[in-house]
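Have a look at the structure below before the remarks.
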Amino acid sequence: AVLGVQRAGGFEVRKEQYANRLTENMKADIVNGIKSLVKSLDSAMRTDDIHLTQQGCCLIWNIALPLLNPDTRHLIAKPLQSTLNALESVESNLHRLKVQLLCELATCDIAEEYLAKANAKVTSALRKNYVVSREEVEAYGLERPLDRYLLPMKKRLELKADIYYVPDRNAATNAIDRERVTREEVVLLLDKAAETKQVGSLIHMLQQACDLMDESEPPLDWVGASDASPSPTPEPGQAKGKGKDAKGKSQSISDPADAPSEEETRRRDVLRARADLWSQIVQTAWRSSNPKLAPIVRNTIPRLLCRKWTRQVERPQRVAQIEACITWASTYKVAIEANGL
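Per this note's numbering, residue 101 is the first one in the sequence shown, and the count goes up by one each step.
Given below as structure tokens:
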């Protein structure tokens, strides 16, 4: 099974620069290899060899990494569940791997609208303790680094599950509550927009979401002038607003060596959450590549690109910016094709 995956390029595509080069044949070969490993895992469990079982689970997880994206995650949902069951059956102490598996399986359940199952998996993941290095704690600012994925997922599931809750900004008592309620309104609008098939309704909902975000958008220097580019529509690759240190190197308020205050950390969390929402607006608008939604996409992407993310914990926001640039380009490609050019 491992040799089959290796021949398919499964180990090469684990490198980030190759992650988007999976052909359909490569995907099929990797999935078949993972399924074969799951069968081998069942044999290992029957031998009561805990060490061998744990090695098999780690191998399955590592080989599955290139497929952990929205387009292919569903192909390996069952093998991941079997891997989690194997770890639980031998009472493995690989708790971090269990949390990672639960997070991916919960994402699969959300995609299939199994919200109760997803909520149970997220709750189980949040209850598990695992060991992390001090460097990782300092890099992400969390004692449990994987909570940066689990906690937002938990809040969103709870928001969707409470059918009687209606966000009310007028009831908010301070700026923090108003910001939180605004984001909740946008989340609910995006959930509705994801379910609608009428282009007119979709445009209306997305425009509402953009208006809500624009009304409460913090200034570019909210956490320091060097944290953002002064231009609302920066060109890719440009980096403005930076200073120079004694050695001539660029400085940024996002330097990991900084020791941010509690207020600055809260503001960064808010900006990351807002960036995620801007990204979701773009993805929802361009899911069907409809030219009628191109104006919303082109007006929204500059909001996502106007801030500079440099910390390790902010890598998802950098990835979102890259994807937004690709989407921006695709809107013009669709326009060119639509005009027969």
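Cβ atoms here follow ideal geometry from the backbone N, Cα and C, with glycine treated the same way. In this text, all values refer to a predicted model and were calculated from it rather than measured experimentally.
N-terminal and C-terminal residue of the alpha helix (DSSP H) that residue i is part of
i	result
E258	D247 to A261
V370	E362 to A385
G156	I150 to A164
P179	A177 to S189
S136	E124 to R146
T223	L215 to R227
S430	R415 to A438
D171	Note, D171: premise wrong, no alpha helix (DSSP H); not H, not E.
T240	Reading the sequence as shown, one finds Tyr at residue 240 and not Thr. Note, Y240: alpha helix (DSSP H), R234 to Y240.
E243	Looking at the DSSP string, E243 is not in any alpha helix (DSSP H), and its letter there is neither H nor E.
K392	Counting along the chain, K392 falls outside any alpha helix (DSSP H), and DSSP gives it neither H nor E.
Q412	Here Q412 belongs to no alpha helix (DSSP H), and DSSP marks it neither H nor E.
L441	It is not in any alpha helix (DSSP H) - L441 carries neither H nor E in the DSSP assignment.
L197	H195 to A211
Residue i versus the options, residue with shortest Cα-Cα distance
i	options	result
Q155	A164, A144 and L165	A144
A206	S224, S189 and L194	S224
K260	S233, A218 and E235	A218
K254	A294, L289, L202 and L290	L202
E236	Q412, G440, D277 and L441	Q412
P179	I130, S389 and V190	I130
D314	R367, A375 and E258	A375
I176	N274, W161 and V190	W161
N185	A424, K198 and H174	K198
E362	N439, L242 and T410	L242
V382	P395, R368, D277 and R244	P395
E248	R415, I436, Q308 and T427	Note that residue 248 corresponds to Arg in the displayed sequence, not to Glu. Here the closest residue by C-alpha is R415.
D262	A216, E364, H304 and L226	A216
R398	S388, R387, A424 and K408	A424
T431	V266, N390 and A420	N390
R227	L122, R196 and T365	R196
D148	A429, S192, S233 and T384	S192
P267	I276, L257, T282 and A275	T282
A211	S189, I436 and L257	L257
L122	L168, L159 and H151	L168
Assumed close pair residue i, residue j - CB separation to whole angstroms, cut-off 8 Å
i	j	result
Q200	L246	7 Å
E285	L312	6 Å
V323	R368	6 Å
R403	W378	5 Å
T172	K127	6 Å
A309	L289	5 Å
C208	L187	So it is not a contact: roughly 17 Å between Cβ atoms.
V299	K392	6 Å
**Study point:** 4-residue-minimum alpha helix (DSSP H) runs that sit fully inside the region 271–307, ordered along the chain
**Key:** 275–295
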